[in-house]
Every structure is written in structure tokens, then in C-alpha cells.
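Reading through the C-alpha cells given below for one structure.
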Amino acid sequence: MIGTDTLDRVIGADVYDASGDKIGTASEVYLDDQSGNPEWVTVKTGLFGTKESFVPIADADLTGDGVRVPVTKSQVKDAPKIDTDGHLSPEEEQELYRYYGTTRGTATTDTTRTETVGTADTNRHGTVGHDTSGPTTDDAMTLSEERVNVGTRKEETGRARLRKYVVTENVTETVPVSHEEVRIEREPITDANRGKATDGPAISEEEHEVTLHAERPVVEKEAVPVERVRMDTETVTDQQQVNETVRKEQVDTDEVTDTNRR
Numbered sequence: 395m396i397g398t399d400t401l402d403r404v405i406g407a408d409v410y411d412a413s414g415d416k417i418g419t420a421s422e423v424y425l426d427d428q429s430g431n432p433e434w435v436t437v438k439t440g441l442f443g444t445k446e447s448f449v450p451i452a453d454a455d456l457t458g459d460g461v462r463v464p465v466t467k468s469q470v471k472d473a474p475k476i477d478t479d480g481h482l483s484p485e486e487e488q489e490l491y492r493y494y495g496t497t498r499g500t501a502t503t504d505t506t507r508t509e510t511v512g513t514a515d516t517n518r519h520g521t522v523g524h525d526t527s528g529p530t531t532d533d534a535m536t537l538s539e540e541r542v543n544v545g546t547r548k549e550e551t552g553r554a555r556l557r558k559y560v561v562t563e564n565v566t567e568t569v570p571v572s573h574e575e576v577r578i579e580r581e582p583i584t585d586a587n588r589g590k591a592t593d594g595p596a597i598s599e600e601e602h603e604v605t606l607h608a609e610r611p612v613v614e615k616e617a618v619p620v621e622r623v624r625m626d627t628e629t630v631t632d633q634q635q636v637n638e639t640v641r642k643e644q645v646d647t648d649e650v651t652d653t654n655r656r
């Protein structure tokens, strides 16, 4: 059981459901205006703890790791959306009791956040203030504020694909080629060649045929590997600003002037 003497251990503690699953973090405790007993706690849930849901703590227990409540995490997630404005009206409280299936809450008094508990009046000003230790302790109160915890998570933003394709281009190369041409060579009759020169009739017709050769360019193509290409990723870190609204509690005083004072 949680009493007014242990409320300072509740605020800011981790809240777990009946199965031991973490629900969120306790933010504010609401006390019954008539009995002063803790009835509800608002639990921050969501990615940045911006969502608050009311959870009954009349039958909750304080453990070594936080607060264990007799409801499930899914119940808290789908709980009625009620503003945490300092008071729970009887109608709002009855709606919560019906949702969680409890039999409490048959009275018609308001339930008030610990910072402003005093009377059943729904006006938050002019009530007797006290800290989270209870309505009968010293005259100090605890101020709290929300802190922003910013982190990062990795998610898929796109896909890259490496592929190759064939393009055609013209290549021009200069190749030296050679060919044979006919050239007439004349030489005088000498004693060395006189026999060949006079071998045959003195006067006659004769024809000699010579085969000419020429080189032609021949083109052959072959595929050869030129390089290897692979795809890799690198991490680039940028600076990105995140804006979030946080709440903090402040305190002021209302001074009462005695008009009869001399």
C-alpha cells in the first residue's frame, strides 16, 4: 500500500504493471480531497514521455525498482484522456473507475493533485498547500520540472542498387599496312649473265606474270577485365535541432495585509 508518507518515493519512479512490464514514469500523485489518501498517479508514456495517463494507486505497492500497479500496460495505453489540470471532478473520477473496473470512487468529492490539495473546491487558488509528503507535514513543498531526454534511433530511409550496363562507342586506331607494286629493273648484258640472256630465240614475244600482295587491316575484339567496383556505405553525422515543450512548477506567495496594524 502507498500512503502519504511515501509519496516522495512515488514521483519520478518507474511504474510497472501487474506482469512486470514497464509502463512509464510517475509524474504527479492525486489525493482524495476528503480523506487525503493517494488515489491516482499520472504516468508519462510515449517516446519522449509527452503523454500522461491516470492510473489507480490505492492498491499499488512500492517495490525496490519502482511502483507496481494492479492494471495492465495496455489498459493504461487506452485509458480515458483526462487533462492533468490539478483536479479530478467526480464525473472524471467515476469514468476512470468504470474503465479500470474498480469499485472505489462512490463519493462525490474531487480528487486533487498533491500540489493543491486542501478542500473540495475545484478552484486551485486559495487552498492550503503541502508537499508530496502529505497534508499534515511541514510547510515546505516540492517543485518539479520536466526534462527532455533526446536520443536517436536508426530507421530505413531508402535503398541503393549497383548495376552495370553496356554502352557502344567508336574506337579509331591507325595501323601500318604494306602492299607490293611492280617495278622494272634493267641491267646490262655482261659475261656473267650472257648465257641466260641468249638462251632462247633471238627475236620473239614473251609474257611474264607476277603476283602482287598487299596487307589488309584485320579487327578482332576480346573482353578483358579492367577494374572491380563494389558498393559500400559510410556514416555522415549532421546536427539537427529538436524542439519540445516542457513544464516546470514555480512558486509564489500571496501576502495578506492586516489593516488594523498600527
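Using our numbering, the letters of the sequence shown correspond one by one to residues 395 to 656. Don't be surprised by glycine CBs; every beta carbon is placed ideally from N, CA and C.
So with Cβ pairs under 7 Å, would you call residue i a contact of chain C?
i, result
"residue 454", "Looking for chain C here will not work: only one protein chain is present."
Distance check for residue j and residue i, CA to CA, integer angstroms please.
i, j, result
"residue 428", "residue 639", "34 Å"
"residue 421", "residue 477", "13 Å"
"residue 496", "residue 534", "34 Å"
"residue 631", "residue 625", "20 Å"
"residue 641", "residue 557", "53 Å"
"residue 581", "residue 588", "11 Å"
"residue 636", "residue 621", "45 Å"
"residue 464", "residue 628", "48 Å"
"residue 440", "residue 459", "20 Å"
"residue 623", "residue 541", "49 Å"
"residue 547", "residue 402", "33 Å"
"residue 479", "residue 446", "12 Å"
"residue 472", "residue 492", "13 Å"
"residue 448", "residue 553", "43 Å"
"residue 474", "residue 634", "35 Å"
"residue 434", "residue 536", "18 Å"
"residue 430", "residue 452", "12 Å"
"residue 609", "residue 600", "30 Å"
"residue 564", "residue 586", "59 Å"
"residue 647", "residue 551", "53 Å"
Since residue i and residue j are thought to touch, with beta carbons under 8 Å apart, how far apart are those beta carbons, to the nearest angstrom?
i, j, result
"residue 456", "residue 400", "6 Å"
"residue 467", "residue 415", "5 Å"
"residue 398", "residue 432", "7 Å"
"residue 571", "residue 604", "That belief does not hold up - the Cβ atoms of residue 571 and residue 604 are roughly 20 Å apart, past 8 Å."
Would residue i be called buried (16 or more neighbouring beta carbons within 10 Å of its own) or exposed?
i, result
"residue 406", "exposed"
"residue 596", "exposed"
"residue 602", "exposed"
"residue 454", "buried"
"residue 412", "exposed"
"residue 487", "buried"
Does the distance from the CB of residue i to the CB of residue j come in under 7 Å?
i, j, result
"residue 417", "residue 470", "yes"
"residue 579", "residue 606", "no"
"residue 643", "residue 538", "yes"
"residue 404", "residue 423", "yes"
"residue 569", "residue 611", "yes"
Would you check whether the ligand MN has a heavy atom nearer than 6 Å to the C-beta of residue i?
i, result
"residue 615", "Inclusion of the ligand MN in the displayed structure is not the case, the ligand content being empty and no account of it being possible."
Taking the runs of the alpha helix (DSSP H) that are 4 residues or longer, which of them lie wholly in the region 460-487?
467-471
May I have a chain-ordered list of the alpha helix (DSSP H) segments no shorter than 4 residues that lie completely inside the region 399-467?
401-404
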